[in-house]
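Read the structure below first, then the notes.
Protein chains: 2
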Amino acid sequence: MEEELIMVRVAELYYDEDKTQDEIGALLKLSRWKVGRLLTQARERGIVRIEIVHPRARRLGLERQLVERHGLTAAVVVPSPDGDDGTLERVAQAAADYLTAMRPVPRTLGVSWGRTLRAVAESLPEGWATGVTVVQLNGGVSLNRRSGGAAGLAVTIAQRASGHVSLLPSPAILERVETKQAIEADRTVAAVLVEAAEAQAFLFTAGPCDATSAHVENGYLSASDVEELARRGAVGDVLGRYIDADGNIVDPQLDARTVGVDLGRLRAAKRSIFVTAGDAKHDIARTVVTSGLCSVLVTDETTARALLEER
Amino acid sequence: MEEELIMVRVAELYYDEDKTQDEIGALLKLSRWKVGRLLTQARERGIVRIEIVHPRARRLGLERQLVERHGLTAAVVVPSPDGDDGTLERVAQAAADYLTAMRPVPRTLGVSWGRTLRAVAESLPEGWATGVTVVQLNGGVSLNRRSGGAAGLAVTIAQRASGHVSLLPSPAILERVETKQAIEADRTVAAVLVEAAEAQAFLFTAGPCDATSAHVENGYLSASDVEELARRGAVGDVLGRYIDADGNIVDPQLDARTVGVDLGRLRAAKRSIFVTAGDAKHDIARTVVTSGLCSVLVTDETTARALLEER
DNA sequence: GGCATCGCTGCTCATATGAGCGCTGGGATG
DNA sequence: CATCCCAGCGCTCATATGAGCAGCGATGCC
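Heads up: the protein sequence lines correspond to chains A and B, in order. In this text, residue positions in the first sequence follow the working numbering: the first is 93, and each later residue adds one. In this text, residue positions in the second sequence follow the working numbering: the first is 93, and each later residue adds one.
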């Protein structure tokens, strides 16, 4: 269309050449108002694209839609970089920013573990908060407080807020229910679990239900166990507990052998922050969001769009 | 830097969320003016990128630089598309636009030939002008007025302006000087050459000096001839005449066997429009531009940038 | 320690811009 | 052919924005 060509010329003069609307009008023999309207149209039609290029940019539009659609307290969506990868870092950085800005500062913060949360911990600046007690929400931890393992992450978060850390000295999943009950009965374990359950805020991720799961990697489950879970409808795990698309526990027996706070605590919590990045986790992310396990979502743009698609 | 992060937030609120500067100020506890300054900085630092996405967009900044640097009357630069190719079409379209908009409309327009000019001809809309006589500037033409060859292009341009066409019925390069002189002495040929030399505007392209040259393709020169020319410093041809980087004829003997208007006519002309697209032609394009053969340049962004580099 | 300087702040004021409105003219409709 | 309708126009007016300036505090230099 001829009109469109004029729009292009007008946009060039306005945005590239910094001319005012009446200068352009004079130049192209258009009224100032016509020029203004053409510019508006050019933006509407996407001829003029305004883009914020920055690793810490966000997608406020998607955030708003997510909050509305899924009844969240807040959402943080970062653009997925073109060249793929770097997504995890960006999401982690965003989660760290969210935590740092969060008011009121929680007295105790319950955390799960995983690669994603490790990245979040590393992204937190020294002094991101002060006096926060960090509590582990589920087992699977070595007792070494310096290690890079599951415990290290909680330690890092606490250290950078000059706070304390309460580690949960327990495997993630035990082989026998009796052992699990015995562990939970242990005074120190029980104390941590109570502390965790009463945390003022939760920070957690979820894992997909496939062979790459951290449970397989650490030997808590075999590849065939996971396959079986998937066959029974599991889409992934939250705090070590495998759930189906509706958020229900898939295998109550397995669940009874899993150490950590109950998923109900997440649902009931006022601030339950779910961090997820990457395409592999779309299904479990959808479940977490739709079944109300989180009140705050931190994720990448691709995941966000997937969560906004119908069903 | 912390400041930079605020810039990003401000830019998001301003450009994505259409908030006013004081709304943003209130939100982030900044003064309205601070917000304004942050936005300016964000644009300067390239955090906010405003881009005009359209096949017919232009690069006015580069155009201005080219005009200044090389003393042109005008320049038209189109963005080189990302996915490569389509460059020729965009440049051709831009040249067609330029011709259509050109005032005053020339009574006679001298044209050369080549793939590029063919594309320009095809891009010209029916009725792009009225009553323009199109004259061929150099030989190499079949007499068939309908063909898709060198002549067809001139015919197309003329037809779409409901004008006349004067074809130059001659080969591009003759084997013997005597034959060339005889041809030029022919009444019809001489008349066309005079008409061409006196054209009010010229529209031409240039060819690179390599085996892909149209002269080789059409058998006027052999691959080894071209090699020899290149060895002697030729960077390409304009109207069939091979010139070196300074714009001088490389082989006067060859030149004496070439039929067409003199390059001096282009230099002297008030409106001499040079159209070029593609990386292969950077060298010859530089020569044309720096040696004053053209007063108007139509090209792609990549070529434009090459022409703006030092030496 | 005193002083000049510089960069940043928040202001005033002029300017650029967008919302809303009444008018007009060209095309559809009876 | 008369009439209606509505899209697009140029306008008024309120608002948003940027230029330029004075004040102020930090910094560095005697």
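Positions of the beta carbon are idealized from the N, C-alpha and C atoms, including for glycine.
Reference residue i; option with closest CA among the options
| i | options | result |
| --- | --- | --- |
| Val227(B) | Gln251(B), Gln185(B), Ala211(B), Leu216(B) | Gln251(B) |
| Gly299(A) | Gly178(A), Leu105(A), Ser262(A), Gly370(A) | Gly370(A) |
| Ala103(A) | Ala166(B), Ile142(B), Gly241(B) | Ile142(B) |
| Arg268(A) | Val284(A), Leu295(A), Val257(A), Tyr312(A) | Tyr312(A) |
| Pro344(A) | Arg150(A), Arg333(A), Asp110(A), Val286(A) | Arg333(A) |
| Ala134(A) | Arg195(B), Phe296(B), Arg161(B), Ile144(B) | Ile144(B) |
| Leu216(B) | Gly241(B), Leu389(B), Thr248(B) | Thr248(B) |
| Val212(A) | Asn230(A), Trp125(A), Gly244(A), Thr200(A) | Gly244(A) |
| Ser254(A) | Glu218(A), Ser387(A), Thr112(A) | Glu218(A) |
| Pro171(B) | Ser305(B), Thr132(B), Arg150(B) | Arg150(B) |
| Asn340(B) | Ala360(B), Val308(B), Thr379(B), Phe366(B) | Thr379(B) |
| Leu266(A) | Glu401(A), Ser204(A), Gly175(A), His307(A) | His307(A) |
| Lys126(B) | Val140(B), Glu95(B), Ile139(B), Arg137(B) | Glu95(B) |
| Ile376(B) | Thr391(B), Lys362(B), Leu201(B) | Thr391(B) |
| Val140(A) | Leu120(A), Leu400(A), Arg148(A), Tyr107(A) | Tyr107(A) |
| Gly202(B) | Gln292(B), Gln157(B), Gly138(B), Tyr190(B) | Gln292(B) |
| Lys362(B) | Val342(B), Thr368(B), Leu389(B) | Leu389(B) |
| Glu309(B) | Ala264(B), Leu295(B), Glu214(B) | Ala264(B) |
| Gly128(B) | Leu295(B), Gln113(B), Ala118(B) | Gln113(B) |
| Ser305(B) | Asp317(B), Asp110(B), Leu295(B), Phe294(B) | Asp317(B) |
| Gln185(A) | Ser387(A), Thr368(A), Arg397(A), Ala396(A) | Thr368(A) |
| Leu399(B) | Gln157(B), Val342(B), Lys111(B) | Gln157(B) |
| Asp189(A) | Pro147(A), Thr225(A), Glu393(A), Pro173(A) | Pro147(A) |
| Arg357(B) | Glu214(B), Ala118(B), Leu229(B), Asp110(B) | Leu229(B) |
| Glu393(B) | Leu131(B), Glu155(B), Ala118(B) | Glu155(B) |
Buried versus exposed call for residue i [16 or more other C-beta atoms within 10 Å across all chains shown]
| i | result |
| --- | --- |
| Gln273(B) | exposed |
| Trp220(B) | buried |
| Lys373(A) | buried |
| Arg238(A) | Confidence in Arg238(A) is poor, its pLDDT being 44 and thus under 50, which makes the residue's placement unreliable; the coordinate value appears in the next sentence. When all chains shown are included, Arg238(A) counts as exposed. |
| Val353(A) | buried |
| Gly153(B) | exposed |
| Leu235(B) | Low confidence applies to Leu235(B): its pLDDT is 41, below 50, so where it sits in the model is not reliable, and the reading given next is rough at best. By the neighbour-count rule (16 or more Cβ atoms within 10 Å), Leu235(B) is not buried but exposed. |
| Gly232(A) | buried |
| Val286(B) | exposed |
| Arg101(B) | buried |
| Pro198(A) | buried |
| Ala242(A) | buried |
| Ser314(B) | exposed |
| Thr280(A) | exposed |
| Ala246(B) | buried |
CB-CB length for residue i against residue j, believed under 8 Å
| i | j | result |
| --- | --- | --- |
| Leu331(B) | Leu346(B) | Actually they do not touch by this definition, with Cβ atoms about 13 Å apart. |
| Glu276(A) | Val351(A) | 7 Å |
| Ala348(A) | Ile335(A) | The Cβ separation is near 15 Å, so there is no contact. |
| Ile116(A) | Leu105(A) | 5 Å |
| Cys301(B) | Asp338(B) | At roughly 14 Å, the Cβ-Cβ gap does not stay under 8 Å, so Cys301(B) and Asp338(B) are not in contact. |
| Val169(A) | Ala396(A) | 4 Å |
| Thr297(B) | Ser364(B) | That pair is no contact at about 12 Å. |
| Thr192(B) | Thr225(B) | About 17 Å separates the two Cβ atoms, so there is no contact after all. |
For residue i: DSSP bridge partner residues
| i | result |
| --- | --- |
| Leu295(B) | Val203(B), Ile365(B) |
| Leu120(B) | Answer by DSSP bridge pairing: none, since Leu120(B) is not bridged. |
| Arg141(B) | Glu143(A) |
| Ala166(A) | Val388(A) |
| Ser383(B) | None, per the DSSP bridge assignment. |
| Arg333(B) | Val330(B) |
| Gln228(A) | Val203(A) |
| Val257(B) | Val226(B) |
| Gly57(B) | The question about residue 57(B) has no answer here: the residues shown for chain B are numbered 93 through 403. |
| Thr350(B) | Ile265(B) |
| Pro300(B) | Gly328(B) |
| Ile341(B) | Ile335(B) |
Next item on the list: Inspect the CB distances between the segment 302-322 of chain A and the segment 373-392 of chain A and report whether three or more fall short of 8 Å.
Entry: At 8 Å Cβ cutoff, the stretches do not touch.
Margin query: When you compare the segment 177-186 of chain A with the segment 200-212 of chain A, are there three or more beta-carbon pairs, one atom per stretch, that lie closer than 8 Å?
Written below: yes
Next item on the list: Please determine if the segment 163-175 of chain B and the segment 247-266 of chain B are in contact, where contact requires at least 3 C-beta pairs separated by less than 8 Å.
Entry: Cβ pair count under 8 Å is below three, so no.
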